[in-house]
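Peer 1: Protein chains in written order, with the working numbering: chain A, 1 to 662; chain B, 1001 to 1662; chain C, 2001 to 2662. No residue lacks a Cβ here, since even glycine has one placed at the ideal position from N, Cα and C.
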């Protein structure tokens, strides 16, 4: 079991290292992430390598039984590299250099940078590839963080042209796919194409915008591949990961994960300026990370105190770090590393608190982590590798998220909000879900929900038809099938590729602004909630309505429909269902699809119920996110694993308390 | 009668063209605007012209009896031009190039661009100058849209210097007029003068700021002239227009219209994120357009569905397109072209909906337009060329609008708001108005209102004195006469040039912030409303007060005055009259000036009453802007022309309904 | 006594000058500031000097007995200089030139500019150094105004490197102090260091950020020194000042004042968009200015009407200018010059109103100033040089203000707010205070308050220990001692350097967002107010609690403490005290420290009470900031100096009225 911290020995005097290692061991720490951000310490001048300090640190850690995940330091090229090759800096969309002083200040597509990256990674792989302390590698750090995915430098411009040529081969193919005839933008050569940068008005060709996002995401994936290939060739068999950020959306993390051995998440449940962050957000990030490779993952950085750059986020109260740790485990984390060991005395993150305060004296955060570690050492081995056993898949589509970002169509709405509307329903109703790609195997689920599946990826409509024909249940919603995969509008009647699956035609539609909604009724005229965001005027060709608009000019027409397809069913929601509406419609969907919630425990809404289960075993987590104790009701007597006692009937769970039932 | 659409055959397969033309004819369409934005299709590479597709399109349209307004495509220079001459791009006030990807990406003053413009316009004029299908020309498209009037490139810098030298001749004349002695800005040569660009703080010399706005507007006018001259020399007699935008204010549309044969408006009554846009805004844009040449006009682009770039505006409900169309006609449109025929499948405007949806199948919008067309074919010929017959002129002064924009003096206030305060009064009280320039003939009106006439244009004070002496009524208000025509303060006691006309002296004044106001009373102490925005402390030299401040240190002093001048009267409003105050003061003004409202019909406020009239005929429009039916009261039996029946007494007008009485 | 105006003869025809001078004399004006901003008039082309107009103006003024403060015109280099050396312009943090058109458009560190500055200042000193009319000099104008302190040009980059080398000598010393090992920012040479400019994310090394602020402030100080040295060498004995802006914080005004003969303030009590500005803000700016050199000062520009650039601020009501003038005097102004004489007809400040309106005819503002002048001619000589006699010092630390600005740590909070929380307490409770530097002599005060003294300046902890040991009382608060003087965190347990002084240890803490607070109780469980902004969890080692948290996980722990140190006491406030809490805690502090409020008069809160006093004399000012009359209660009969009558018992003070009691 891996339980540990992120550690920066280079920030502290060597005299302190043995004490740190000892305090770590005393807290049950087995694993440390190390090395990322240390480039200027490892190679202070070109070719002058200094690995001795790192060797010494690994030995001291090893002497306390601690092993490491070694990070490549490529997120922070030293100043001497930047001075030699200032063109490595990213540029903003006005062409202005984004200079030195933070991190991630490099462009993925700069060939000069690749030379330096190859060199340092090769050196590290050679030196540590067979070091016994090293149990895994982390490539770079948080690709795509702080707006560093899309660069507008000349290298990116050329690389984009090449990427387009590889994709479209012929410039007139691109002209056709993008529709450049609009506004006289026909190109005569790939070399004429510029990045979608600064113009008189921020409204570019949507096909270009989408391709630029795809290209930028691919650039990060290629950059990672460069390092993966080196480490694998020098240190074959070493597991490699990257620390991603759950719901961040600039890079397609399905693509980024494909070549990794395992995925990792940097989890900060409370980067909010609120005392009580919504635990559904953290849960979704965890589920999304489990979905990247459809397998369990590490939390490589887990919040360990009040984080913050120039502003601090709230301080976790006693018990909060522990219950967040359990939430991570409940959603599939097989390893937990807190970020960071000791709060730094200098630098941009001097207020990003670690387990130890600035003075290095263990206090309440250290104690809480140590207690949690002691428990996890017992619990985690019981459930390693066991997933959620979910019957429901929510499809996450980066491409569709990107096009909604480019063209939200309606104000203050975005893709993730729609996805979260479903997630909230499942979470509240104690139904475990997987958050997966449209490449996944639908057949393993009883229900597949595709939020805002606006562009129909080629083959997905047919795949859904086969899936429903075989008995599956599908939910599609507003704007589905509106676009082709190149971000052009479909020229068939809506819902385009999904017309046959859904058995409807959409002939009219409109936006609903923030705060605006339309009354939705059930067959018996009962008000079941409000339609928000958007309305479709639906003509049922084969489907039957399951909800109706009760106001405006479309009153009396269907707001949601159900279509029987073979042994299965395809639902369409023609408006943004508010929570009431979602409860009513998804209740109907889940019931008919035979979805079973977690029934072993019933609990008030402040208590999250989550599950790890496979065919053999079943662990139920009850996590009290409230600062007050709550009452649970157990359907049958169950063993609570932390306390190792059997509970039954009514059970009290303390403030921020956790129960794990087997 | 011209009734039609904007059409882009180049966006659709040629196989579709005949069906489009047939569907157009079936909807009563006679006229199509075509060609603007098609440059890269007409001249894909330098000198490689391809007009055949356009020839074919014109023939197909002609075969259904449809003729065209041909647009010059200069709003969208192709990429190959920009790559050859990147200095054509506009620059922002920091000198940063505003690059490729939108439209209007060119500088009006770039001499290289002029070469290309001359070339394409010449070619088009030669090819289509005597084509029977072509009934008119449109120059470019929406000059000044999306912040493309003011450019900060080196060419503009030189052109501005030249413009200044032409205007001031001697640099010390400019130094004196601008007052460059302030803050040590004395220039020694015109070549020292830069554009009012990026500085440590955004506060430039007001004289320079005004001249830069004048120069920028002139640059657009000159750019249009370049094209007018070519078309007129090659295709003499062809009427030429430009599609302007009503109340947009960066270009002086009086100047722009001067050389046009007729004016056009692009009318989108609901580019609001509101279900119920204020119909007064659309009405004002229409009246303003009628004022540009003091004659009727075309609506060259008329909203035909939900518009939108990345965000959609609300979908017009059934009936709304029709009633907006009638509103356009009621205010002087002699032709209506919807924008656009079919919603585009690609490009930045793929959500700017046309009459046909993306799938090209006629639906409710097409049907509504067809019905409207059928009606207009009967009605429009009866009233072609007939204006409003207004007795009231509101003077619109771009120069005064610009200086208020440069120096609003009081928070959240601006010129247009003041103009609209009067417009609202007249609209609500069923009084037709013209919105015209200060060059117009005042004598044709009973009442001339000059909102915020801060800079006194040379000669206007004397012209107003003659006009009032002859019996006219004038209204001036806060800040009038404060400045000279070069944006310097007048050094005579306020209201400067209008002191004698108004018979008052202003010795003290102050701003009133948003939400702040002062109680205003009539002679009998009755509260008639609130003074907002500003207060003047007025000393009546010859005038008599008609309203008084009732609070603050100026309590008891005049807030508005009346001065008898010869046979006429000059009013001054010394504070921003709120609607109540405006009702009271303008009621008094209109009554004494003998202004007659539309009296044939009385209607609730949701129903707009408008008029087209000349000495011979009189058409009264009743337009129900509400989604519920309303009751009208007719003063006498009248023929309703759409239904061709006589109505009398109480009449019900349906939701979004329209009546046209003769 | 100096009473006068800022005057720009170059803005007006020479024919007007004698009338202006006569009107000035009639208003009691003795002193005029002149010349700053006149460079392009004094030297229109390089080396072509024209001083004759200024000579003539000085003589005309002298003929009416008026003498001048002569300003060097270096805030506005003429266009011809900028055209010769465009690299003089400031640059923003993206490297973009901030061009011509405003003022202060130069970089302090440009060596070419220094040549021109030396030249014009030398010429002026030579010509006017012994002119009888000249009684003092002003260097430049409002250093640091409108974001002109921090420049990102190449000259600043080199100058910063040199400044750092001078400070740190060795690059590894800098690496250690800044902690550049964080994020791989280790430098190999001073020449590698860039300015903290535009990066992918605005979060730089805090040590670098602080040093850049120090460097920028030093650059202004050095630029002033350049001019001081010239004037002193040519015109020895001439007093020299600079007009500063009270609470502006980009330049360390203690440093700037050190070499000046006397300090000046530009005072605009109502640059607010509010009718009733908080008089505490003006009072604080005045007290802060008195603190710069711990001596009285001039108001070099005093508001004389509605000011404004493109927006006007409110017009002072009758009486307001006079009462603001008295407030200035009450807080230590020994001279008052109104800004400006006559409102300018042109330029960026044509709405910044002077005593005379645009038309030049004296009106109510002139009359009010004349009356005030007549009074001050009698009063000011009685109290010249007499300060506040304060028993309390509030320590203002620019360095600590800067680091809070760089890293506010908690949302919508900043250093000045904390300082004002104390200031408000003292103002409300009629306790005169000095606002001084941490270099001041603490022993002259009974109480020293150090708001947010986060970085402990070397030696200050020891100085405070000595001060308290000798009987002094100290108040420190949240974040005190958290950092070392280089902006690194202290690695000792909090409050770091102040642990022994305060007798506490802080082991946990957290932010409180805007609107969030924690209940604070006294020993008897009484609710005394709310803790805001921040909470410390305090462990009393030697101190005793004086207030307790009553909610959240730290309920029952100390919120504020008192530690007896020798004969004195050191208090710590561990949370941001709201006004109620401040009243309770500071009440306790002041009582035990024996602070005596102004007791001669009691007055409602709208009436400010202020004092000028020394061992021999004592003047009490009562200033009614309200627009309604108020009642005072006098403890004993006192002579009111303006009216020269004795008042006793209850006295009515009119709206905006002022009494000065001896």
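Would you say residue 1452 of chain B lies against chain C (beta-carbon separation less than 8 angstroms)?
Peer 2: No, residue 1452 of chain B does not count as interfacial toward chain C.
Peer 1: Does the count of Cβ pairs from the region 1003 to 1011 of chain B and the region 1031 to 1039 of chain B closer than 8 angstroms reach three?
Peer 2: Touching, yes, given that three or more Cβ pairs across the two stretches are closer than 8 angstroms.
Peer 1: One question on the structure: do residue 2104 of chain C and residue 2148 of chain C come within less than 8 angstroms of each other, judged by their Cβ atoms?
Peer 2: Closer than 8 angstroms, so yes.
Peer 1: Rounded to the nearest angstrom, what separates residue 2112 of chain C and residue 2220 of chain C at their Cα positions?
Peer 2: Going from the Cα of residue 2112 of chain C to the Cα of residue 2220 of chain C covers about 16 angstroms.
Peer 1: Could you name the residues of the same chain whose beta carbon sits closer than 7 angstroms to that of residue 1189 of chain B, not counting the 5 residues immediately before and after it, in chain order?
Peer 2: Result list for residue 1189 of chain B: 1171, in chain order.
Peer 1: Between residue 1146 of chain B and chain A, is any beta-carbon pair separated by less than 8 angstroms?
Peer 2: Yes, contact with chain A.
Peer 1: Quick one: what's residue 2394 of chain C bridged to in DSSP?
Peer 2: Paired residue(s): C:2435 and C:2449.
Peer 1: Based on Cα-Cα distance, which residue from B:1186, B:1315, B:1487 and B:1553 lies nearest to residue 1509 of chain B?
Peer 2: Cα-wise, what sits closest to residue 1509 of chain B is B:1553.
Peer 1: Counting only beta-carbon atoms, is residue 2187 of chain C nearer than 8 angstroms to chain A?
Peer 2: Yes, residue 2187 of chain C counts as interfacial toward chain A.
Peer 1: Can you give the beta carbon distance from residue 455 of chain A to residue 484 of chain A, rounded, assuming they're within the 8 angstroms contact cut?
Peer 2: Residue 455 of chain A to residue 484 of chain A, Cβ: 7 angstroms. Contact.
Peer 1: For the alpha helix (DSSP H) that contains residue 60 of chain A, what are its first and last residues?
Peer 2: Counting along the chain, the alpha helix (DSSP H) containing residue 60 of chain A begins and ends at 52 to 63.
Peer 1: From which residue to which residue does the beta strand (DSSP E) around residue 104 of chain A run?
Peer 2: Careful: residue 104 of chain A lies outside any beta strand (DSSP E) and carries neither H nor E.
Peer 1: Step through the CB atoms of chain C and report whether any lies within less than 8 angstroms of the CB of residue 345 of chain A.
Peer 2: So yes, residue 345 of chain A belongs to the interface.
Peer 1: Does the Cβ-Cβ distance between residue 653 of chain A and residue 630 of chain A come in under 8 angstroms?
Peer 2: Yes.
Peer 1: Please classify residue 2545 of chain C: does DSSP put it in a helix, a strand, or coil?
Peer 2: Residue state, collapsed to three classes: strand.
Peer 1: Can you grab the Cα-Cα spacing for the pair residue 2195 of chain C / residue 2152 of chain C, in whole Å?
Peer 2: If you take the alpha carbons of residue 2195 of chain C and residue 2152 of chain C, they lie about 7 angstroms apart.
Peer 1: List the residues of chain B whose Cβ lies closer than 9 angstroms to the Cβ of residue 64 of chain A, in chain order.
Peer 2: Within 9 angstroms Cβ-Cβ: nothing; residue 64 of chain A doesn't reach chain B, min ~56 angstroms.
Peer 1: Closest Cβ-Cβ distance between residue 1292 of chain B and chain A: below 8 angstroms?
Peer 2: So no, residue 1292 of chain B is outside the interface.
Peer 1: Can you pull the chain A neighbours of residue 2406 of chain C, defined as C-beta to C-beta under 8 angstroms?
Peer 2: 310, listed in chain order.
Peer 1: Residues of chain B with CB under 9 angstroms from residue 2138 of chain C, in chain order?
Peer 2: Under the 9 angstroms cutoff, chain B gives no residues; its nearest Cβ is about 15 angstroms from residue 2138 of chain C.
Peer 1: Using Cβ-Cβ distances below 7 angstroms, what residues of the region 2178 to 2205 of chain C are close to chain A?
Peer 2: Answer set for the region 2178 to 2205 of chain C: 2178, 2179, 2181, 2182, 2183, 2184, 2185, 2186, 2187, 2188, 2192, 2194, 2196, 2197, 2198, 2199, 2200, 2201, 2203, 2204 and 2205.
Peer 1: For residue 1663 of chain B, which residues in the same chain have their Cβ closer than 7 angstroms to its Cβ, ignoring the five residues on either side in sequence?
Peer 2: For chain B, the structure presents residues 1001 to 1662; residue 1663 of chain B sits outside this window and is missing.
Peer 1: By the DSSP assignment, the beta strand (DSSP E) with residue 1577 of chain B in it spans what residues?
Peer 2: Residues 1575 to 1577.
Peer 1: Do residue 72 of chain A and residue 185 of chain A have their CB atoms nearer than 8 angstroms?
Peer 2: The answer is no: Cβ separation not under 8 angstroms.
Peer 1: Along chain B, which residues have their Cβ under 8 angstroms away from the Cβ of residue 2090 of chain C?
Peer 2: Per Cβ cutoff of 8 angstroms: 1200.
Peer 1: So which of B:1489, B:1525, B:1603 and B:1187 has the shortest CA-CA distance to residue 2358 of chain C?
Peer 2: Of the listed residues, the one whose Cα sits closest to residue 2358 of chain C is B:1489.
Peer 1: In whole angstroms, give me the CA-to-CA distance for residue 1632 of chain B and residue 1138 of chain B.
Peer 2: For residue 1632 of chain B and residue 1138 of chain B, the distance between alpha carbons rounds to 41 angstroms.
Peer 1: List the residues of chain C whose Cβ lies closer than 9 angstroms to the Cβ of residue 1511 of chain B, in chain order.
Peer 2: Ordered by position in chain C, the residues that pass the 9 angstroms Cβ test against residue 1511 of chain B are 2273, 2306, 2308, 2311, 2312, 2313, 2314 and 2315.
Peer 1: Counting only Cβ pairs nearer than 8 angstroms, list the residues of chain A close to residue 1303 of chain B.
Peer 2: Result: empty, since nearest Cβ-Cβ is about 14 angstroms, beyond 8 angstroms.
Peer 1: Contact between the region 2372 to 2392 of chain C and the region 2639 to 2647 of chain C is defined here as three or more beta-carbon pairs at a separation below 8 angstroms; is this criterion met?
Peer 2: Result yes; three or more Cβ-Cβ pairs closer than 8 angstroms.
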